[in-house]
Amino acid sequence: MNSLLKRLTSAILLLSFGITLWAQQTQVSGTVTDAKTNEPIPGVTVYVKGTQRGSITLPDGSYAIMVNSGEVLVFSFIGYQQQEVAIGPDANYNIFLQQDYINVDEVIVVGYGETKKGDLTGAVSNVSSKDFNPGVVTSPAQLINGKVSGVQIVSGSGSPTSGSSFRIRGGASLNASNDPLIVLDGVPLEAGGISGNSNNFLSLINPNDIESMTVLKDASSTAIYGSRASNGVIIITTKKGSKDKFRVNVNSTNLLQVRTKLPEMLSESDFRAVVESQGSEAQKALLGTSSTNWNDEIFKLAFGTDNNFSVSGTLWDMPVRFSGGYYNQDGILDTDNAQRLTGSLNISPTFLEDHLKFNVGVKGATNQNTFANTGAIWGGSTMNPTLPVYSGLSGYGGYIEAIDGDGLPVTGAVLNPVGLLNQYSSTSTVNRVISNLDMDYQFHFLPDLRFHATLGYDYAQGEGTIQVPVEAAQYYLTGGRNYTYGPQKNENRLLTTYLNYKKDLAEINSNVDVTLGYDYQFWKSTTPTYNEVNVAGEVQSSIAPYDQRHALLSYYGRLNYSFKSKYMITATVRQDGTSRFSEDNRWGTFPSVALAWRLSEEGFLSGIDALSNLKLRASYGVTGQQEGIGNYNYLPVYTISQDGAQYIFGNSIINTWRPEAYVSNLKWETTKSFNYGIDFGFINNRLSGSVEYYTRVTEDLLATVPSPAGTNFDKQILTNVGNVDSEGVELTINATPIDNQDWTWNFSFNATWQQQTIKNLSLNPEAGVNHTPVGPTIDSYYFQTFTEGYSPYMFYVYHQLYDESGKPIEGAYADLNDDGEINSDDLYHYHNPMPDYILGFSTSVRYKNWSLNTSIRSYLNNYVYNGMSMNTGAFGTMSYNAFQLNNLHQSYLETGFQSRQYLSDYYIENASFLRMDNLSLNYNFGRVYDLFNLNLTALVQNVFTITNYSGVDPEISNGVDVSFYPRPRIFSLSIGVDF
């Protein structure tokens, strides 16, 4: 009874308190209208700041809500600037929202400056940190994978030491570089890598320090960078300090990686059955009594952690930001590991009443890599599954190996994959420091004129060691390995200066923005001589010293002009001089022009309420190329012979000098591009996007082609020859169907169609069609070619014939020229690795403090040569020698091939795929005990892949799938704290 009385009393008190609180609240109401058109706006979110209380305006724009005096009402709607109102004694508040169409005032970083998003005339895409792909990434490139139309990003493999390749609009060259220029805080970075980290040089930049990535795609936006911009430009802007109070951010991610698909080899029981039913007596005698899954022996669950912290705020009236990070990731292949320790400091002092501004940035990183012997992946697939891991003997570390009659490992045998991993140590240390000093002075006597200067310095050093014990089968002929390579030292120095005049000429409804500048950049790369020695100290080979340098001088100018914010023109010209060409061809001039017309500002469209933005764009420009080639290809260079290649003259051994091939009149590879674009937005930009169409012609290709006999010192030379044509269509759509106090749903979709064709690739046009073999090889067989009239890297193979049941007939190919015999004249071009269409989709759904996000990508009509199936799918591959059996690919059960069919189109498969890159669930706890904000995120990366391709992975950058390091599936949990 007493308990019931207490509960009743408590309920009455709580009810009385609630009635009192309700009595203190008052209802306020009003209407929300468009400040420009004076039309009511339905669906506007109206809520009390800092609470969960809210409402939505009705079709007539009206609202009503209960509030307390002194609280703040927030009015928010897509396409309009958010407005806040403090509640006083009044009961009625009519709100006029200002339109924020296409975020025209949003500032986008472009080459040598910034511009408003609404004033862009070129094909430019910007992805900010809030839209980056979540999760742990090995390279910053993966942050925008699938986010930008026309951009293709492929990770080299599933190893944490592997890098990613960038391709913007497919690239414009053949043998020269197809990598875009990457500019980090105003410092153009050198292409390529460094010893100890050659494939993942960009990984030395901490992704958590990146604020935004801007992609410049068409010639109008890239021509300001001239000779390095044929393949597009990626501008990376890192996070800076602010004038707010000090904030501390700490986040930690811990993850597990699991292997995904592996080559479909025969199981132990199937393998045993094939040998016993089809093998010889000698082969049957090589069967063991064990059942070993070699992939289970070499692959593992891999743990990783990524921890970062940053402190930002104002110190002595200067915005300051300091950050540090530690990344440690094991690979799913045993002994594979990458560690990264990073730190950055950014200071932004101002003087002379903000007329003089400085920005000082220093970013440092050290990478510790442990490289697994990836030859173990081949062994994991092909090693005899009936043998045990260990032999029970002391030789060769106790690992079972193929041993001949003399007790020595068989030459060319498949080695024990566990031994390959455990008896191999390859480590590297790579250090990098990137620093920049920016100075910006706004002239006192002419505030519209600014002088900007940037000093940049990028230094990297990489070295490593390789050790293999003398008892290891993998190097028994050389007595093991025990040497250090490097250090390779790369230096990149930059001086940029430019004047910028920006004036708003209100009296004539015009805006003018003029930039004139000068650049100097110098690169140097050196490596000392070193010897590759074995455990006994015996020299196995000598590596000559390396000293490479080149410089680039540039003058450039740009004019941006707009009239009534409706008609815009951008004109750019840049002149580059490079030390890679002779004085006669050293300088190249690269102009561009772009026009834009914002139709939505015209009076004849003002009556279309649903239209928020409509802009037409067109551009033409010329860019250049001199990356990806040697620094001295135009000079006669002689190389001294090494040990074993001397000339014996009498009793003397004399080193000789060997001339290298060179072309004295090398010149710029140039790319001429047209781009046509439409930007659109509807329903207050709840739906917006763009459509682009581009054409691109690359002339004077820097390509490696056959040299006419007797004309040079090599049968192939790098020279200017031919041209490649490209065209493509890009579509981007962004939508926010729902946005209110409790729910937000937005998504983005992009699609790309692209095509490249080689138009000419011969020094002698009368010599007929030239087929230049390119790409990876298997047993000296090439599978791809550069051929005039076809796309680059087309597969060049025989057409397989089949019997009535659909089974391929071994050695039977189509006689395409009807001459009665099968030879190289019957090879034909059959698809290529580049997809016809690239699709990307991202979406985010928020319900109160919960959010669910995912990104999905798709390639259509990309083809892959399944080299693993070919190379292990014939009975003859089971026995390369008399001492060992090798496992077979399951395709053997379908084909019954006795020998490998290298050039059969049977192995070229459509590798179209749909891949969910990530799926994350986040909960924002908000302010905890008024001390800090707390976020928790659960994430899965590489969630699933839907494809008909039968190999390991349909996304193979070079198009040939052999012993591929599988990309893992990643499960991670992240916690973020803001103080």
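Just so it is clear: in the sequence shown, position 568 is 1064 by the numbering used here, and no numbers are missing.
Here a beta-carbon is modelled for each residue, glycine too, at the ideal position from N, C-alpha and C.
Rounded to the nearest angstrom, the gap between the Cα atoms of S877 and A898 is 16 Å.
DSSP places D1000 in the uninterrupted beta strand (DSSP E) bounded by R977 to L1001. Nearest to R989 by C-alpha distance, out of T980, L995, K1020 and Y1376, is K1020.
Judged by DSSP in its simplified three-state form, L758 adopts coil rather than helix or strand.
Inter-segment contact for the region 628 to 639 and the region 1413 to 1427 is present: three or more beta-carbon pairs are separated by less than 8 Å.
Secondary structure note for R768: its alpha helix (DSSP H) is the uninterrupted segment E764 to Q774. In the DSSP assignment, W1164 falls outside any alpha helix (DSSP H), carrying neither H nor E. Taking the Cα of Q1212 as reference, the smallest distance to any Cα among D1238, Y1116, V1008 and A1157 is reached at A1157. N1027: member of the beta strand (DSSP E) spanning Y1026 to V1029, first to last residue. In the three-state DSSP reduction, W1241 falls in the strand class (E or B).
Between the region 906 to 916 and the region 953 to 971 there are three or more inter-stretch CB-CB distances shorter than 8 Å, so the stretches are counted as touching. DSSP places G915 inside the alpha helix (DSSP H), whose first and last residues are P913 to N918. Rounded to the nearest angstrom, the gap between the Cα atoms of L1323 and S726 is 33 Å. Looking from the CA of V1439, the closest CA among R1353, D740, S1160 and I1471 belongs to R1353.
S1287 and N1328 do touch by the CB rule: their CB atoms are close to 5 Å apart, below 8 Å.
The C-beta of K1303 has fewer than 16 other C-beta atoms within 10 Å across all chains shown, which makes the residue exposed. Annotation: the continuous alpha helix (DSSP H) that includes E777 extends over E777 to K780. Here Y971 carries a helix assignment [DSSP, helix/strand/coil].
Within the DSSP bridge table, the entry for Y1278 names T1273 as partners.
Within the region 1315 to 1359, no complete alpha helix (DSSP H) segment of 4 residues or longer occurs. For M1364, the enclosing alpha helix (DSSP H) stretches over residues G1363 to T1368.
Only buried fits T710, as 16 or more other CB atoms lie within 10 angstroms of its CB. Contact between A861 and L700 is confirmed by a C-beta separation of about 4 Å, below the 8 Å threshold. Ranked by Cα distance from N833, the options G654, I1254, D1315 and S1222 are led by G654.
Using a 10 angstroms sphere on the CB of W790, the tally of other CB atoms reaches 16 or more, which defines it as buried. Going by C-alpha positions, N1081 is about 15 Å away from E1123. Taking the C-beta atoms as reference points, M935 is found nearer than 8 Å to A949.
No Cβ-Cβ contact shorter than 8 Å links D740 with G800. For L1389, the enclosing alpha helix (DSSP H) stretches over residues Y1388 to T1391. Here the alpha carbons of T1268 and P1233 stand approximately 51 Å from one another.
For D1043, the secondary structure class from DSSP, reduced to helix, strand or coil, is strand.
Nearest to T611 by alpha-carbon distance, out of N996, L991 and I706, is N996. Here DSSP, grouped into helix, strand and coil, assigns I828 to coil.
A distance below 8 Å separates the beta carbons of S1375 and L1381. Ranking Q984, N1056, P905 and L991 by CA distance to the CA of F1379 puts P905 first. The region 867 to 881 and the region 830 to 850 touch, with no fewer than 3 CB-CB distances between them shorter than 8 Å.
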